[in-house]
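Data first, discussion second: the structure below is written as structure tokens.
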Amino acid sequence: MQRWADPADHHATALPVAAVAKPFPADHHIAPHSHGRAQLLHAISGVMRVTTDTSAWIVPPGRAVWLPAGTVHAVDIRGPLAMRTLYIEEGAHPGLPADCTIISVGPLLRELILAATEEPADYDPAGRGGHLAALILGEIARAERSPLRIPMPRDARLVALARELIVDPGRTDRLEDWAVRLGASPRTLARLFRRETGMSFVAFREQVRLAAVERLTAGEPLARVARALGYASRSAFGAMMRRALGLTPGELARRVRE
Numbered sequence: 088m089q090r091w092a093d094p095a096d097h098h099a100t101a102l103p104v105a106a107v108a109k110p111f112p113a114d115h116h117i118a119p120h121s122h123g124r125a126q127l128l129h130a131i132s133g134v135m136r137v138t139t140d141t142s143a144w145i146v147p148p149g150r151a152v153w154l155p156a157g158t159v160h161a162v163d164i165r166g167p168l169a170m171r172t173l174y175i176e177e178g179a180h181p182g183l184p185a186d187c188t189i190i191s192v193g194p195l196l197r198e199l200i201l202a203a204t205e206e207p208a209d210y211d212p213a214g215r216g217g218h219l220a221a222l223i224l225g226e227i228a229r230a231e232r233s234p235l236r237i238p239m240p241r242d243a244r245l246v247a248l249a250r251e252l253i254v255d256p257g258r259t260d261r262l263e264d265w266a267v268r269l270g271a272s273p274r275t276l277a278r279l280f281r282r283e284t285g286m287s288f289v290a291f292r293e294q295v296r297l298a299a300v301e302r303l304t305a306g307e308p309l310a311r312v313a314r315a316l317g318y319a320s321r322s323a324f325g326a327m328m329r330r331a332l333g334l335t336p337g338e339l340a341r342r343v344r345e
């Protein structure tokens, strides 16, 4: 049974969906690149960070990132990861997302993706493979969007701040502290954050701290991760993750290991 092998095949096929299983080792980096088709990146185990010029996303199990055709992106993987990728023909379904976004991957979509990766590269569009592809497209179109995007600002002062937070998300500096270092008033920085990212400084910092899920995949103790990220307690950290991901840290760690 022929599988998808050459990446060019994913785009040359006349079939609407090409599903590929790809394992990656820990600490792996996929350099910036793009595809001629839309791409859905999902991991059945492990966590990845996907970045473009304007945004970053943390993608834990139970989520997937949708990238329209031509989107230049890079992928960083902290721990071992089992990726399942879909390459989707433009216009294959009217309800597919128009922009980059995170979607929820429920049990049905997860199983459909797994089943599609077992189909041959030349699956019959009128047979099982075609039926799976049609169901996948419908499930993606109706999937819930998730607010895991980290919007990157354009103002040079905010870019410097954002980069420092991404490197050290546990920093507890107030906006007033950043204002002194960056040579701007707190009011100016707050206004710029709202205008360029659509969120407050505190909300932006919380989004960046979701990178903590990568540390949990490596087996780092929850209490240590919470302290490193500036949370006074495990419960405060857990509340943030439940609000953002719909999972407790323990639930996330178990799903990553599954």
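For the sequence shown, the residue numbers in our numbering are 88 to 345.
Positions of the beta carbon are idealized from the N, C-alpha and C atoms, including for glycine.
Please read all numbers here as calculations on a predicted model, not as lab measurements.
Of the candidates R197, L279, A331 and A315, R197 places its Cα closest to the Cα of A169. Under the three-pair Cβ rule at 8 Å, the segment 155-167 counts as touching the segment 125-133. Our two residues, A105 and P167, have alpha carbons roughly 23 Å apart in a direct line.
A Cβ-Cβ separation of about 17 Å leaves L195 out of contact with E206 under the 8 Å criterion.
The alpha carbon of E251 has as its nearest neighbour, out of T275, Y210, R296 and R236, the alpha carbon of R296.
Taking the C-beta atoms as reference points, I227 is found nearer than 8 Å to I190. Approximately 12 Å separates the beta-carbon atoms of F288 and L269; this is outside 8 Å, ruling out the contact. When R232, E293 and R274 are compared, the shortest CA-CA separation from P256 is found for E293. Bridge pairing for A169: P110 and S132 [DSSP]. Within the DSSP secondary-structure output, V254 pairs in no beta bridge. Ranked by Cα distance from V192, the first of L309, R241, Y318 and P147 is P147. Bounds of any beta strand (DSSP E) do not take in L309; it lies within the alpha helix (DSSP H) bounded by L309 to A315. For S191, the enclosing beta strand (DSSP E) begins and ends at T188 to S191. Ranked by Cα distance from V137, the first of A99, I175, P238 and G182 is P238. G225 and H180 have their alpha carbons spaced roughly 7 Å apart. In this structure, L279 keeps its C-beta atom at 8 Å or more from the C-beta atom of W265. As the crow flies, the alpha-carbon of K109 is around 46 Å from that of P273. Burial state of G149 is buried, judged by a 10 Å Cβ sphere holding 16 or more other Cβ atoms.
DSSP links S233 through a beta bridge to I189.
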